[in-house]
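As C-alpha coordinates, the structure follows; a few thoughts come after it.
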Amino acid sequence: MLKNQLKDPSLLVDRAYVDGQWISADDGATLAISDPAT
(Lines of atoms letter the chains of each structure in order from A and count residues from 1; the text may use other names and numbers.)
(Lines give C-alpha, C1' and ligand atoms only; values in the text may rest on other atoms or scores of the structure.)
Protein backbone atom coordinates (compact mmCIF):
# COMPACT_ATOMS: atom_id res chain seq x y z
CA MET A 1 0.00 0.00 0.00
CA LEU A 2 2.83 2.39 0.75
CA LYS A 3 4.20 1.92 -2.76
CA ASN A 4 0.97 3.46 -4.11
CA GLN A 5 1.44 6.52 -1.88
CA LEU A 6 5.07 7.28 -2.77
CA LYS A 7 5.81 9.71 -5.58
CA ASP A 8 8.96 7.67 -6.28
CA PRO A 9 8.22 3.93 -5.60
CA SER A 10 11.93 3.08 -5.90
CA LEU A 11 12.37 4.63 -2.43
CA LEU A 12 10.53 1.69 -0.82
CA VAL A 13 13.02 -0.93 0.37
CA ASP A 14 11.58 -4.32 1.37
CA ARG A 15 14.87 -5.78 2.56
CA ALA A 16 16.88 -5.62 5.79
CA TYR A 17 20.17 -3.73 6.07
CA VAL A 18 22.61 -6.23 7.61
CA ASP A 19 26.38 -5.78 7.88
CA GLY A 20 26.50 -3.13 5.16
CA GLN A 21 24.28 -4.98 2.66
CA TRP A 22 20.57 -5.04 1.80
CA ILE A 23 19.41 -8.63 2.35
CA SER A 24 16.09 -10.20 1.33
CA ALA A 25 14.37 -12.86 3.43
CA ASP A 26 15.42 -16.41 2.53
CA ASP A 27 11.80 -17.33 1.77
CA GLY A 28 10.97 -13.96 0.20
CA ALA A 29 8.33 -13.24 2.86
CA THR A 30 7.42 -9.70 3.89
CA LEU A 31 5.17 -8.27 6.62
CA ALA A 32 2.56 -5.59 6.13
CA ILE A 33 3.27 -2.65 8.43
CA SER A 34 0.72 -0.01 9.37
CA ASP A 35 1.39 3.30 11.07
CA PRO A 36 -1.19 3.77 13.85
CA ALA A 37 -0.60 7.54 13.73
CA THR A 38 -2.25 7.78 10.31
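Per the numbering used here, the very first residue in the sequence shown carries number 65; after that it's consecutive. Think of the CB as a built atom: it goes at the ideal place given N, C-alpha and C, for glycine as much as any other residue.
- In this structure, W86 places its C-beta atom within 9 angstroms of the C-beta atom of A80.
- For A80, the enclosing beta strand (DSSP E) starts and ends at A80 to V82.
- I97: not part of any beta strand (DSSP E); DSSP gives it neither H nor E.
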